[in-house]
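In the order they appear, the protein sequences are chains A and B. Residue numbering for the first sequence is 3 to 204, as defined by this note's numbering. Residue numbering for the second sequence is 3 to 204, as defined by this note's numbering.
Protein chains: 2
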Amino acid sequence: MPKYHHGDLRNTLVAIATELLITEGIHTLSLRKIAQKAGVSHNAPYMHFADKEAVLVAIALEGFRLLSEEIEAAIAVVGDNIRQQLLALSHAYVKFAIAHPNHIQVMFCAYDEAKYPDLCTASQLALHRLLTIVQAGQENGSLIKGNSYEVTKSIWAMVHGIAAISIAYKTSIMLPEKNTTEDAVSAMVNLLFDGISRHSNA
Amino acid sequence: MPKYHHGDLRNTLVAIATELLITEGIHTLSLRKIAQKAGVSHNAPYMHFADKEAVLVAIALEGFRLLSEEIEAAIAVVGDNIRQQLLALSHAYVKFAIAHPNHIQVMFCAYDEAKYPDLCTASQLALHRLLTIVQAGQENGSLIKGNSYEVTKSIWAMVHGIAAISIAYKTSIMLPEKNTTEDAVSAMVNLLFDGISRHSNA
DNA sequence: ACCTGAACACCGTTCAAGT
DNA sequence: ACCTGAACACCGTTCAAGT
Numbered sequence: 003m004p005k006y007h008h009g010d011l012r013n014t015l016v017a018i019a020t021e022l023l024i025t026e027g028i029h030t031l032s033l034r035k036i037a038q039k040a041g042v043s044h045n046a047p048y049m050h051f052a053d054k055e056a057v058l059v060a061i062a063l064e065g066f067r068l069l070s071e072e073i074e075a076a077i078a079v080v081g082d083n084i085r086q087q088l089l090a091l092s093h094a095y096v097k098f099a100i101a102h103p104n105h106i107q108v109m110f111c112a113y114d115e116a117k118y119p120d121l122c123t124a125s126q127l128a129l130h131r132l133l134t135i136v137q138a139g140q141e142n143g144s145l146i147k148g149n150s151y152e153v154t155k156s157i158w159a160m161v162h163g164i165a166a167i168s169i170a171y172k173t174s175i176m177l178p179e180k181n182t183t184e185d186a187v188s189a190m191v192n193l194l195f196d197g198i199s200r201h202s203n204a
Numbered sequence: 003m004p005k006y007h008h009g010d011l012r013n014t015l016v017a018i019a020t021e022l023l024i025t026e027g028i029h030t031l032s033l034r035k036i037a038q039k040a041g042v043s044h045n046a047p048y049m050h051f052a053d054k055e056a057v058l059v060a061i062a063l064e065g066f067r068l069l070s071e072e073i074e075a076a077i078a079v080v081g082d083n084i085r086q087q088l089l090a091l092s093h094a095y096v097k098f099a100i101a102h103p104n105h106i107q108v109m110f111c112a113y114d115e116a117k118y119p120d121l122c123t124a125s126q127l128a129l130h131r132l133l134t135i136v137q138a139g140q141e142n143g144s145l146i147k148g149n150s151y152e153v154t155k156s157i158w159a160m161v162h163g164i165a166a167i168s169i170a171y172k173t174s175i176m177l178p179e180k181n182t183t184e185d186a187v188s189a190m191v192n193l194l195f196d197g198i199s200r201h202s203n204a
């Protein structure tokens, strides 16, 4: 149906690669299989990507775009309350990671940042929404005044850690069965939120 | 020099695999190369491991043992103060991860936990030290009384998140240049420690 | 029990050649 | 510019065979 062999093979390859990543996992993902699914020869991808790693980086970039979208959507449905916004972002992040474990793995793979500067900016862009919430909280007095980047990074680390451990150990260690994922995440991040809030020890 | 072909090839293979992992990275690690370095045929490893994944799991188990040792050593040199102990553990964890990025990656790789129950218990064992500190803090009144597992997991998540993001984005995002790694880690985890301490808002 | 050699079905990557 | 076919040096895994 689609006409490959001309037009925009690059995006087609990324789309197929992403689909294969999600359905089959990262270990069985191969350039040859991607090319075959796209109906081109096994080395056509080299017209558009330097090597396999470059394809993974393209998938990672797309992943940061998706993550940003889901975070934005989650924040949009809650009110102005800073703590609610931070909770919504946290839930969206962990849910994304658990729903797309292979994608998150490709996004955090220690690529050469000098080789792929776009990936660095993409990850920073995805976290920019968090920074704006933190700064708003500091301005309206609901968060402590300290370095906003430090506060932002601590939240990111906490949320990413929950996601990473949940994926690696299939949520059984990180998230107790009796609670929902949301409840477990809320309980943990609230401990940090208490630390960065003014008037804590409620 | 060493006599393979008899005796304990299994441990030799794990040792060589670990060395290759550290020196060359995970992507170029192959069973055939490990076997060659051990001086055996390329399928001798199958006498001791079901497949390549089983070798990685063995490396991961060793990794948790090493991590536990470094955490224990770091705590041993500080006093009874709970906050100092938590800081020491945090620093040890992040330092280990940054010093052995390939090792940490293999340790958090989403293996089938039904297939490798030992790995699950190893990761829990490594975190048991953290749990005992939290419980001691709750008993002597320096930490809030809540669920000790929840507090423990929140610290683990925070510290693991710092490590994971630092590795993936080469510390440039996570750890500002002007500070030492220790200072940056301290600043972030202290925000959480404020949340889980009694009498916070110092 | 422990190891080997040959074989199979894959890989990523390169390169000369075609349009 | 964009793609192909053949080729190279690798993989993980299996299996019959040797001791």
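Even for Gly, the Cβ is constructed at its ideal location relative to N, Cα and C. Small disclaimer: the values here were computed from a predicted structure and weren't measured.
Please work out which residues of its chain come closer than 8 Å, Cβ to Cβ, to residue i, disregarding the five sequence neighbours upstream and downstream, and give them in chain order.
i        : result
A/Thr20  : Ile61, Glu64 and His105
A/His102 : Ile24, Gly65 and Leu68
A/Lys35  : Leu22
A/Leu145 : Ile84, Val136, Gly139, Val153, Ile198, Ser199 and Arg200
B/Thr182 : none
B/Ala75  : Ala94
A/Ala124 : Ala62, Leu63, Phe66 and Arg67
A/Lys31  : First, the amino acid is wrong: residue 31 of chain A is Leu here, not Lys. Cβ within range, chain order: Ala19, Leu22 and Leu23.
A/Arg131 : Ser70, Ile73, Glu74, Ile77 and Leu91
B/His189 : Residue identity check: residue 189 of chain B is Ala in the sequence provided, not His. Answer for B/Ala189: Asn181, listed in chain order.
B/Cys122 : Glu115
Leaving out five residues on either side along the sequence, give the residues of the same chain with a beta carbon under 6 Å from the beta carbon of residue i.
i        : result
A/Leu133 : Thr154
B/Glu184 : His93
B/Pro47  : Leu15, Leu33 and Ala37
B/Lys1   : Only positions 3 to 204 of chain B appear in the structure, and residue 1 of chain B is not among them; the question remains open.
Would you mind telling me which residues of chain A sit closer than 7 Å to residue i, beta carbon to beta carbon, in chain order?
i        : result
B/His130 : In chain order: nothing, as chain A lies at least about 12 Å away.
B/Met176 : Lys155
B/Ile164 : Ala159
B/Ile135 : Correct list: empty, because the minimum Cβ distance to chain A is about 15 Å.
Tell me, to the nearest whole angstrom, how far the beta carbon of residue i is from that of residue j; I am working on the premise that it is less than 8 Å.
i        : j        : result
B/Ala99  : B/Ile169 : 6 Å
B/Val161 : A/Gly163 : 7 Å
B/Ile73  : B/Lys39  : No, B/Ile73 and B/Lys39 are not in contact; Cβ-Cβ is about 30 Å, not under 8 Å.
B/Ile198 : A/Leu193 : 5 Å
A/Leu33  : A/Val57  : 7 Å
B/Glu115 : A/Tyr171 : 7 Å
B/Ile1   : A/Gln126 : Past the boundaries of the shown model lies residue 1 of chain B; chain B is included only from 3 to 204, so the question cannot be answered.
A/Ala159 : A/Ser70  : Rounded, the Cβ-Cβ distance is 18 Å, inconsistent with contact.
Name the chain B residues that come within less than 7 Å of residue i, Cβ to Cβ?
i        : result
A/Tyr171 : Glu115, Cys122 and Ser125
A/Pro103 : Ala112
A/Gly143 : Near A/Gly143 there are no residues of chain B at all, since even the closest Cβ is about 14 Å away, more than 7 Å.
For residue i, I'd like the list of residues in its chain whose CB is within less than 7 Å of its CB, leaving aside the five on either flank, ordered along the chain.
i        : result
A/His50  : Leu11, Arg12 and Leu15
A/Val187 : Ser92, His93, Val96 and Ile164
B/Asp120 : Leu63
A/Gln87  : Ile77, Val80 and Ile135
A/Ser150 : Leu133, Val136, Gln137 and Gln140
B/Ile28  : Asn104, Gln107 and Val108
A/Gly143 : Arg200
A/Lys147 : Gln140
B/Leu177 : Ser168, Thr183 and Ala186
A/Asp205 : Here chain A comprises residues numbered 3 to 204, so residue 205 of chain A is not present and cannot be evaluated.
Could you list which residues in chain A have their beta carbon closer than 8 Å to that of residue i, in chain order?
i        : result
B/Leu194 : Ser156, Met160, Leu193, Leu194 and Gly197
B/Ile106 : By Cβ distance, chain A contributes nothing, its closest Cβ being about 10 Å from B/Ile106, past 8 Å.
B/Ile24  : The premise fails here: B/Ile24 is roughly 14 Å from chain A at the closest Cβ pair, so nothing lies under 8 Å.
In chain A, which residues lie with their C-beta within 9 Å of the C-beta of residue i?
i        : result
B/Val153 : Met190 and Leu193
B/Ala100 : Note that residue 100 of chain B corresponds to Ile in the displayed sequence, not to Ala. By Cβ distance, chain A contributes nothing, its closest Cβ being about 11 Å from B/Ile100, past 9 Å.
Listing by chain order, which chain B residues have their CB less than 9 Å from the CB of residue i?
i       : result
A/Ala56 : In chain order: nothing, as chain B lies at least about 14 Å away.
A/Gly65 : By Cβ distance, chain B contributes nothing, its closest Cβ being about 12 Å from A/Gly65, past 9 Å.
A/Ile18 : None at all; the shortest Cβ gap to chain B is about 22 Å.
Closer than 8 Å by beta-carbon distance: list the chain B residues that pair up with residue i, in chain order.
i       : result
A/Ile36 : Per Cβ cutoff of 8 Å: no residues; A/Ile36 is ~18 Å from chain B at best.
A/Gly61 : For the record, residue 61 of chain A in the displayed sequence is Ile; it is not Gly. Those do not exist, as A/Ile61 stays about 15 Å from chain B at its closest Cβ, beyond 8 Å.
**Contiguous alpha helix (DSSP H) assignments of at least 4 residues, all confined to the segment 148-183 of chain A** = 150-170
**Whole alpha helix (DSSP H) elements within the segment 13-97 of chain B, 4-residue minimum** = 33-40 and 54-78
**Request:** May I have a chain-ordered list of the beta strand (DSSP E) segments no shorter than 3 residues that lie completely inside the segment 102-144 of chain B?
**Result:** none
**Message:** Can you pull out the residues from the segment 71-84 of chain B whose beta carbon lies closer than 8 Å to at least one beta carbon of chain A?
**Reply:** none
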